[in-house]
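Asker:
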Amino acid sequence: MSVIIVLLCASISVAGLFLAAFIWSVKNGQYDDEASPPIRMLFDDNPDKKNVS
Amino acid sequence: MESTIHSQITCYHCGENVGKSPIHAHDKEFCCEGCRMVYEILNDNGLCNYYDIEKHPGLSQKIKVRQNKFAFLDDLAIAQSLVSFKNEEQTHISLYLPQMHCSSCLWLLENLHKLNHHIISSKVNFTRKEVYIVFDNNKTSVRKIAELLTSIGYEPYISLNNLSKRKSFLDKSKIYKLGVAGFCFANIMLFSFPEYLGIDSKEAGLAYMFRLLNVMLALPVFFYSATEFYSSAWKSLKHGFLNIDAPIVLAIWVTFGRSMYEVLTNTGAGYFDSMSGIVFFMLVGRVLQDKTYQQLSFERDYTSYFPIAITRLKNSVEESVALPEIKLNDTLLIHNEELIPADGIITRGKALIDYSFVTGESVPVEKQMGEIVYAGGKQVGGNIEILVIKEVAQSYLTRLWNRDELQKAGKNDNERSFVHLLSRGFTWIVLGIALTAAVYWYVQDASKVWNAVTAVLIVACPCALLLSNTFTNGNIIRILGKNHFYLRNAQVIEDIANVDYIVFDKTGTLTTGKYSDVQYEGAELTTAVLRKIVVLANQSTHPMSRSIVAWADMKIADLPVMAFKEHQGKGIEGIVDGDLIMLGSPEFVTGKKHDGLQSCVYVSIEDNIIGKFVLGNNYRQDVDVLINQLKKRYALAVLSGDNTGEKKKLLQMLGAGTHLRFNQQPENKLEAIGELQMKGHKVMMIGDGLNDAGALKAANVGVALTDSSNNFTPASDVIIEAEQLPKLLTFIRLCKVNKKVVLTAFVVSVLYNIIGIYFAVTGNMSPLIAAILMPSSSISILLLTFGTSNIVATLLKLKQNKLNLTTPD
Chain A
97 MSVIIVLLCA
107 SISVAGLFLA
117 AFIWSVKNGQ
127 YDDEASPPIR
137 MLFDDNPDKK
147 NVS
Chain B
46 MESTIHSQIT
56 CYHCGENVGK
66 SPIHAHDKEF
76 CCEGCRMVYE
86 ILNDNGLCNY
96 YDIEKHPGLS
106 QKIKVRQNKF
116 AFLDDLAIAQ
126 SLVSFKNEEQ
136 THISLYLPQM
146 HCSSCLWLLE
156 NLHKLNHHII
166 SSKVNFTRKE
176 VYIVFDNNKT
186 SVRKIAELLT
196 SIGYEPYISL
206 NNLSKRKSFL
216 DKSKIYKLGV
226 AGFCFANIML
236 FSFPEYLGID
246 SKEAGLAYMF
256 RLLNVMLALP
266 VFFYSATEFY
276 SSAWKSLKHG
286 FLNIDAPIVL
296 AIWVTFGRSM
306 YEVLTNTGAG
316 YFDSMSGIVF
326 FMLVGRVLQD
336 KTYQQLSFER
346 DYTSYFPIAI
356 TRLKNSVEES
366 VALPEIKLND
376 TLLIHNEELI
386 PADGIITRGK
396 ALIDYSFVTG
406 ESVPVEKQMG
416 EIVYAGGKQV
426 GGNIEILVIK
436 EVAQSYLTRL
446 WNRDELQKAG
456 KNDNERSFVH
466 LLSRGFTWIV
476 LGIALTAAVY
486 WYVQDASKVW
496 NAVTAVLIVA
506 CPCALLLSNT
516 FTNGNIIRIL
526 GKNHFYLRNA
536 QVIEDIANVD
546 YIVFDKTGTL
556 TTGKYSDVQY
566 EGAELTTAVL
576 RKIVVLANQS
586 THPMSRSIVA
596 WADMKIADLP
606 VMAFKEHQGK
616 GIEGIVDGDL
626 IMLGSPEFVT
636 GKKHDGLQSC
646 VYVSIEDNII
656 GKFVLGNNYR
666 QDVDVLINQL
676 KKRYALAVLS
686 GDNTGEKKKL
696 LQMLGAGTHL
706 RFNQQPENKL
716 EAIGELQMKG
726 HKVMMIGDGL
736 NDAGALKAAN
746 VGVALTDSSN
756 NFTPASDVII
766 EAEQLPKLLT
776 FIRLCKVNKK
786 VVLTAFVVSV
796 LYNIIGIYFA
806 VTGNMSPLIA
816 AILMPSSSIS
826 ILLLTFGTSN
836 IVATLLKLKQ
846 NKLNLTTPD
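Just so you know, the protein sequences line up as chains A and B, in that order. Going by my numbering, the first residue of the first sequence is number 97, and it counts up by one from there. Going by my numbering, the first residue of the second sequence is number 46, and it counts up by one from there.
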């Protein structure tokens, strides 16, 4: 039966991690602006080097 | 011929037609110096990627921002209103940039450090159209950053509102509560499996452990997540009102108490799963319903329109002062396109003041030296100086805004809904059933009284009603939002459904506010004559002259104008190609009195009156169709700040018996709404300007109309984009459906409740039955409400338009 107890601890702590991750992401403002991140990720890091004319 | 060639060339920066005199530079064409300068700044700094991400990402720079406009930011107290954090090295500021519109903007604004090396970082929030800038405060200043942004075409919008209020942060506590409830609910369900499926009596110790785990998981739900309902119920109880949350809190407490008792006495497993489940679902509903549109503000007051600072002349020296600092007898310098912040007397310059926003009059008013100008008007043309006769807080417009009755009219939002009344009736019935069950079991078998009563209270909580209400509201708010009809909160849906009287503003609401509907009456105009008239009219900046030029839609001929004279408020005259032409008011041209009904411009050539231009308001597209639909179902009225020129047309459109009022001052509009309400009408007011602000606030539903959701709108319950106005009736219909959907869902949930109560009163409520009943009833209600409201929206044709990128969602 101790197996079940180990499994219980594991499952609760994994679920707890997800809860913590969720709260952290909300607090961090990741859902505040849903428009710019998908655009931002498409930009090159150093666009200036190839574009100076 | 030349113009056709040029019309195909667009400005490299802003994409506008370059017109007749493009500027050639760097192998590119620009429409104006402003655009070229922006390009050069970006080119010098290697930021031309700006033009690769999107074609023509800029906005036209034809209207130059005056130098020193941001001098007021040198004043630390004013600059402080933009600062969110400051230490010895760094300052963090956030600026509102309404011009932000595409991915190029985003890219450029996040590369500001390449333009000014003292900017440490900049981050854009696209939804709010804000940029957060961190800079080295020893090397650069807020003013320099504002000027830098202006130089690349993103002029920060800084209003008086920045001074008075701290930015309100989004309340995230509900989301946290929801997260915790979801976590606990899922795990409690998991740990309850042994209970549902039956566990060997050998494993009793294990079963007890599972129960204790459930207790521990239920504690955060009870003491944290559910507080949302406790506070709301407590608030309404304090007002002597029983809202829907009160019986829900009762049910949560009873469930928790009974479950704790069962677990601690080791007599059962309790109903922790049902309790946390229902709290979770109800929180989901609340979060959905409380959708907010971050970039829209429904609470704007005059401070959002007024500039934060203004130029004051002291001993002929210009200085910037914050608006609240303006004192009586100060002399203010008002530049072109600037708002007059306080009532005053003109002491220098020719004032042409656009009051359309304040009064609804569509033509700018000319004022001479010595005349009084009121706050809220916008100067068009050259600079003027005014002597302040009333401080900002005492000005006409501000006083109107601060009127007591408007402040007190704060609507008590959550206590008007039919849902509360329904839940109250429901609660009394349930309490009756609980009492009957108690009496019955007391006679039959006294040991079962406690079980039966608590079970009834648990099962009969009106959570289904709350669920159906919040989910339907949330869904309808979303559907309307996708159609650019934004509601302030869920209560507005019901208010819209109850409306029986619709009042329109004219200028800017039914009409576009411009005189683009021009008709000519009189002797036939030959092209040669018209050409001369246009040449003359082109000399004047008066909006009526401009309308005539725009209406003629012809190339301005290169004819000399001699002896041109502009008579203030009367008309213009000049000799064009040898003919003396007069354009202007009937009195000016004909010498006779004007009948005052229409706005017209008379024309005479060599003292022969050849005819007149009748300038009509340009009605918004399909407004007549909408009015036709509405007048069958609603009483309509029009309150206009303008003259009676459109009376005939409006009567024709709205029907003879319609209530029309013209020359309405803002307070007249407010009073008119009040009169209608006194007669028992539920009034919807649709308006656009500050002159409607009082009426919008006083009406049961205030709808602010805007040409783009990024524009500023007065405080209101609803913001609608102008092109969606013809759909107004459809929106109202959808709001009316809301109540029916909620009621249907409620009836279904009552069926579930009857089954549940049957088990409860017979004292046979097993955890398994509860565990099946609760989620299945909740989920079927969600499907029902979502499904029906979506079907109705599809039937009303509100669903087919694809979500576009600019939808604030």
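Positions of the beta carbon are idealized from the N, C-alpha and C atoms, including for glycine.
Under 8 Å: do the segment 507 to 527 of chain B and the segment 708 to 721 of chain B share three or more Cβ pairs, one atom per stretch?
Answerer: In short, these stretches do not touch, since the Cβ pair count stays below three.
Asker: Just reading off the beta strand (DSSP E) that Ala278(B) is part of, what are its end residues?
Answerer: Where Ala278(B) is concerned, there is no enclosing beta strand (DSSP E), although the alpha helix (DSSP H) it sits in stretches over 272 to 283.
Asker: Got a sec, what are the start and stop residues for the beta strand (DSSP E) Arg357(B) sits in?
Answerer: Segment 354 to 359, the beta strand (DSSP E) holding Arg357(B).
Asker: Span of the alpha helix (DSSP H) holding Gly79(B)?
Answerer: 78 to 89 is the span of the alpha helix (DSSP H), which, as asked, contains Gly79(B).
Asker: Quick check on this structure: which residue in Val128(B), Asp72(B), Arg576(B), Leu581(B) has the alpha carbon closest to the alpha carbon of Phe609(B)?
Answerer: The shortest Cα separation from Phe609(B) among Val128(B), Asp72(B), Arg576(B), Leu581(B) belongs to Leu581(B).
Asker: Are the segment 414 to 422 of chain B and the segment 365 to 374 of chain B touching by the rule of at least three beta carbon pairs closer than 8 Å?
Answerer: Not touching, per the Cβ criterion.
Asker: In chain order, what residues of the segment 170 to 193 of chain B put their CB closer than 8 Å to some CB of chain A?
Answerer: Within the segment 170 to 193 of chain B, the residues whose Cβ lies closer than 8 Å to some Cβ of chain A are Asn170, Phe171, Thr172, Arg173, listed in chain order.
Asker: Does DSSP put Ser237(B) in a helix, in a strand, or in coil?
Answerer: Of the three classes helix, strand and coil, the one that applies to Ser237(B) here is coil, per DSSP.
Asker: In this structure, does DSSP put Lys724(B) in helix, strand or coil?
Answerer: Coil, per DSSP.
Asker: Between which two residues does the beta strand (DSSP E) carrying Glu566(B) extend?
Answerer: Here the beta strand (DSSP E) through Glu566(B) covers 562 to 567.
Asker: Applying the 10 Å Cβ sphere with the 16-neighbour rule, what's the burial state of Asp97(B)?
Answerer: When all chains shown are included, Asp97(B) counts as exposed.
Asker: State the start and end residues of the unbroken beta strand (DSSP E) segment that holds Ile165(B).
Answerer: Looking at the DSSP string, the run of the beta strand (DSSP E) that includes Ile165(B) is 164 to 170.
Asker: Could you tell me the distance, in whole angstroms, from the CA atom of Glu78(B) to the CA atom of Leu779(B)?
Answerer: Using only the alpha carbons, I get a separation of about 50 Å.
Asker: Excluding the 5 residues flanking Val594(B) on each side, which residues of the same chain have their C-beta closer than 6 Å to its C-beta?
Answerer: Hits under 6 Å: Val579, Ala582, Asn583.
Asker: Is any beta-carbon of chain B found at less than 8 Å from that of Ala106(A)?
Answerer: Chain B contact via Cβ: absent.
Asker: Can Leu115(A) and Gly322(B) be called in contact, C-beta distance under 8 Å?
Answerer: Going by C-beta atoms, Leu115(A) is not nearer than 8 Å to Gly322(B).
Asker: Taking 8 Å as the threshold (C-beta atoms), are Gln413(B) and Glu383(B) in contact?
Answerer: No.
Asker: Can you look up Gly661(B) in the DSSP assignment and give me helix, strand or coil?
Answerer: Here Gly661(B) sits in strand by DSSP.
Asker: How would you list, in chain order, the residues of chain A whose beta-carbon sits under 7 Å from the beta-carbon of Asn232(B)?
Answerer: Within 7 Å Cβ-Cβ: Ile108, Ala111.
Asker: Taking Cβ positions, are Ile777(B) and Leu750(B) nearer each other than 8 Å?
Answerer: It is not a contact, given that the beta carbons lie outside the stated cut-off.
Asker: Does Leu115(A) have its Cβ less than 8 Å from a Cβ in chain B?
Answerer: True, the Cβ-Cβ gap to chain B drops below 8 Å.
Asker: What did DSSP end up calling Asp540(B) once you bin it into helix, strand or coil?
Answerer: Helix, per DSSP.
Asker: Do Tyr221(B) and Pro143(B) have their beta-carbon atoms positioned less than 8 Å apart in this structure?
Answerer: Contact: no.
Asker: Which residue marks the beginning of the alpha helix (DSSP H) containing Cys508(B), and which one marks its end?
Answerer: Run containing Cys508(B): 508 to 527, per the alpha helix (DSSP H) assignment.
Asker: Given a cut-off of 8 Å on the beta-carbon distance, is the pair Tyr57(B) and Glu74(B) in contact?
Answerer: Going by C-beta atoms, Tyr57(B) is nearer than 8 Å to Glu74(B).
Asker: Does the contact criterion of 3 or more C-beta pairs under 8 Å hold for the segment 566 to 574 of chain B versus the segment 812 to 825 of chain B?
Answerer: Judged by Cβ distances under 8 Å, the segment 566 to 574 of chain B makes no contact with the segment 812 to 825 of chain B, as fewer than three pairs qualify.
Asker: What is the rounded straight-line gap between the Cα of Met320(B) and the Cα of Ser304(B)?
Answerer: Approximately 10 Å, taken between the alpha carbons.
Asker: Looking at chain A, is there any beta carbon in it that lies within less than 8 Å of the beta carbon of Trp152(B)?
Answerer: So, interface residue.
Asker: To the nearest angstrom, how far is the alpha carbon of Val488(B) from that of Tyr803(B)?
Answerer: The straight-line gap from Cα to Cα measures roughly 18 Å.
Asker: Using a Cβ-Cβ distance cut-off of 8 Å, determine whether Met228(B) contacts chain A.
Answerer: Checking the sequence shown, residue 228(B) turns out to be Phe, not Met. So yes, Phe228(B) belongs to the interface.
Asker: Rounded to whole angstroms, what is the Cα-Cα separation between Asp603(B) and Lys577(B)?
Answerer: So the alpha carbons of these two residues sit roughly 10 Å apart.
Asker: Classify Gln564(B) as buried or exposed, calling it buried when 16 or more other Cβ atoms lie within 10 Å of its own Cβ.
Answerer: Per the 10 Å Cβ criterion, exposed.
Asker: Tell me whether Gly702(B) is buried or exposed, calling it buried when 16 or more other Cβ atoms sit within 10 Å of its Cβ.
Answerer: Exposed: under 16 other Cβ atoms inside 10 Å.
Asker: Is DSSP giving Val176(B) helix, strand or coil here?
Answerer: Three-state result, Val176(B): strand.
Asker: Give me the DSSP bridge partner(s) of Met414(B).
Answerer: Answer is none; Met414(B) lacks a bridge partner.
Asker: Can the beta-carbon of Ile398(B) be found less than 8 Å from the beta-carbon of Ile431(B)?
Answerer: Going by C-beta atoms, Ile398(B) is not nearer than 8 Å to Ile431(B).
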